[in-house]
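Asker: Before I ask anything, here is the structure I am working with.
Written as structure tokens, this is what we have:
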């Protein structure tokens with residue numbers, strides 16, 4: 033039996049980084065296509081990623097985080113969360129949402145606390161292979177738990193047992209790449225390499241990767257077409273390195289047409305955030321991943337294992353990364369087109385390109401009828 037959802041309201045709570053906001057946006061688009069109304073609950077930082085978010089309204093919630101052991105910081109954060117919870121309670125009384133969906137990160141906490149306190153249906157989605165702090169805190173209180181990865185490190189056994197593995201929703205333009213066949217490099221054709229950095233710790237890749245490419249064999253360098261996202265302060269250094277190596281390169285702090293660039297890439301070098309890993313799988317792209325060392329609970333290493341265990345990625349631990357080691361990893365892949373093609377197929381084998389629809393199905397199951 034099809035349930036008439038037209039006009040029903042879902043509050044999507046996310047913020048902090050694009051890693052939380054992009055999957056939330058993908059779900060919102062899937063729900064809106066089914067007739068749902070969407071309201072976004074976020075903070076100031078999350079609002080920076082919300083210019084294309086398909087919400088009819090945005091609720092600004094007070095929220096903050098603090099380092100464990102920082103008593104003053106924890107008290108201040110607690111006060112901010114309390115204020116945000118009161119703001120959310122007031123908003124929910126007026127809006128009467130059928131469900132509140134949280135995507136982790138501290139901006140989602142006030143919305144989830146308000147919703148559970150009012151006994152509204154709630155759902156959390158964990159994008160990483162390691163359960164985040166906010167989701168761990170809320171897991172026993174919410175109606176349902178969804179996750180992107182088959183593994184859910186640091187989750188209690190009873191939470192793992194009831195978690196729904198739905199994948200991580202990716203943007204529609206990335207989802208479309210799943211149906212685009214991998215264009216294996218020819219013996220003497222161009223080698224397109226896309227280098228991304230991530231929102232934190234990008235300096236390492238920004239500055240080390242051009243130096244590694246400089247020492248690749250000349251036969252490889254002559255065929256390279258590099259597109260690199262890099263920090264503004266590292267752009268001149270990268271341009272000089274590529275010019276010295278006589279390598280074609282486009283350098284920018286941000287690429288807006290990421291789907292097109294990802295679709296053209298033969299190899300991707302980057303961090304191992306949840307969105308990055310799931311987008312690489314959906315796009316079927318071979319990769320060299322450098323997990324961010326300071327990521328909470330080392331979640332990027334666990335994220336990267338999904339692709340590495342499938343044979344789709346090479347992991348370069350940050351502590352072991354040098355110009356020589358990265359050059360070696362690049363050379364091993366770029367000189368072997370057949371291996372790149374196998375890695376592409378392996379990436380697709382672990383993809384869940386319909387994650388947004390899977391999550392939307394779960395939302396409709398959990399929501400108040």
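Residue numbers (my numbering): 33 to 401. Even glycine gets a Cβ: it sits at the ideal position worked out from N, Cα and C. Please read these numbers as outputs of a predicted model, since none were measured by experiment.
1. How is residue 134 classed by DSSP in three states: helix, strand or coil?
2. Per DSSP, residue 154 forms a beta bridge with which residues?
3. Report the start-end ranges of each beta strand (DSSP E) in the stretch 279-332 that is 3 residues or longer and not cut off at the edges.
4. Is the stretch 143-156 touching the stretch 113-121 in the sense that three or more CB pairs, one from each, lie closer than 8 Å?
5. Do the stretch 157-165 and the stretch 323-334 touch if we need at least three Cβ pairs shorter than 8 Å?
6. Rounded C-beta distance between residue 301 and residue 227? I'm assuming under 8 Å.
7. Would residue 58 and residue 288 be called neighbours here (beta carbons separated by less than 7 Å)?
8. Return the first residue and the last residue of the alpha helix (DSSP H) that residue 397 is part of.
9. I'd like to check one pair, residue 229 with residue 223: are the Cβ atoms closer than 7 Å?
10. Could you tell me which of 254, 178 and 40 sits nearest to residue 394, measuring between CA atoms?
11. How should residue 231 be labelled, buried or exposed, when 16 other C-beta atoms within 10 angstroms of its C-beta is the threshold for buried?
12. In terms of residue numbering, what span does the alpha helix (DSSP H) encompassing residue 141 cover?
13. Tell me the residue span of the beta strand (DSSP E) that contains residue 202.
14. What do you reckon, are the CB atoms on residue 266 and residue 55 nearer than 7 Å?
15. Locate the beta strand (DSSP E) running through residue 257, then write down its first and last residues.
16. Let me know the secondary structure DSSP gives residue 178 once reduced to three states.
17. Given a threshold of 16 other Cβ atoms within 10 Å of its Cβ, counted over all protein chains shown, does residue 259 qualify as buried or as exposed?
18. Mark residue 75 as exposed unless 16 or more other C-beta atoms lie within 10 angstroms of its C-beta, in which case mark it buried.
19. Helix, strand or coil for residue 241, going by three-state DSSP, please let me know.
20. What three-state label does DSSP hand residue 117 in the structure shown?
21. Mapping the DSSP letters down to three states, classify residue 383 as helix, strand or coil.
22. Starting from residue 165, follow the alpha helix (DSSP H) in both directions and report where the run begins and ends.
23. Given a threshold of 16 other Cβ atoms within 10 Å of its Cβ, counted over all protein chains shown, does residue 305 qualify as buried or as exposed?
24. Identify every residue that forms a DSSP beta bridge with residue 52.
25. If you follow the alpha helix (DSSP H) that residue 275 is part of, which residue opens it and which one closes it?
26. Can you check which of these residues, 129, 211, 117 and 53, is closest to residue 314 by C-alpha distance?
27. Is the distance from the Cβ of residue 277 to the Cβ of residue 253 below 7 Å?
28. Enumerate in chain order the residues of its own chain whose CB-to-CB distance from residue 348 is below 8 Å, with the five nearest sequence positions on each side excluded.
29. Taking just the CA atoms, how far does residue 134 sit from residue 105?
30. Counting along the chain, where does the alpha helix (DSSP H) carrying residue 355 start and finish?
31. What are the boundary residues of the beta strand (DSSP E) that residue 345 is part of?
32. Identify whether residue 247 lies in helix, strand or coil by the three-state DSSP scheme.
33. Less than 7 Å between the beta carbons of residue 41 and residue 127, yes or no?
34. For residue 225, which residues does DSSP report across the bridge?
35. Hey, could you find the ends of the alpha helix (DSSP H) residue 46 is sitting in?
36. Is residue 185 helix, strand or coil when you go by DSSP?
Answerer: Answer, in terms of the structure:
1. strand
2. 132
3. 280-284, 299-302 and 319-321
4. Yes, since at least three Cβ pairs between the stretch 113-121 and the stretch 143-156 fall closer than 8 Å, the two stretches touch.
5. Yes: at least three Cβ pairs fall under 8 Å.
6. 5 Å
7. no
8. Residues 387-398.
9. no
10. If we check each option's Cα against that of residue 394, 178 comes out closest.
11. Only weak support exists for where residue 231 lies, its pLDDT of 44 falling under 50; the value from the coordinates is given anyway. With a threshold of 16 other beta carbon atoms within 10 Å, residue 231 falls short and is exposed.
12. 140-149
13. Segment: none, residue 202 is in no beta strand (DSSP E) and carries neither H nor E.
14. no
15. From DSSP, the beta strand (DSSP E) with residue 257 extends over 256-261.
16. strand
17. buried
18. Buried, because 16 or more other Cβ atoms sit within 10 Å of the Cβ of residue 75.
19. helix
20. helix
21. Reduced to three states, the DSSP call for residue 383 is coil.
22. 165-170
23. The C-beta of residue 305 has 16 or more other C-beta atoms within 10 Å across all chains shown, which makes the residue buried.
24. Bridge partners of residue 52: none, in fact.
25. For residue 275, the enclosing alpha helix (DSSP H) covers residues 267-276.
26. 211
27. Yes, they are a contact pair.
28. 320, 321, 322, 357, 358 and 361
29. Distance from the CA atom of residue 105 to the CA atom of residue 134, rounded to whole angstroms, is 24 Å.
30. 355-366
31. 345-347
32. coil
33. yes
34. The beta-bridge partner set that DSSP reports for residue 225 consists of 258 and 299.
35. Where residue 46 is concerned, there is no enclosing alpha helix (DSSP H), given that its DSSP letter is neither H nor E.
36. strand
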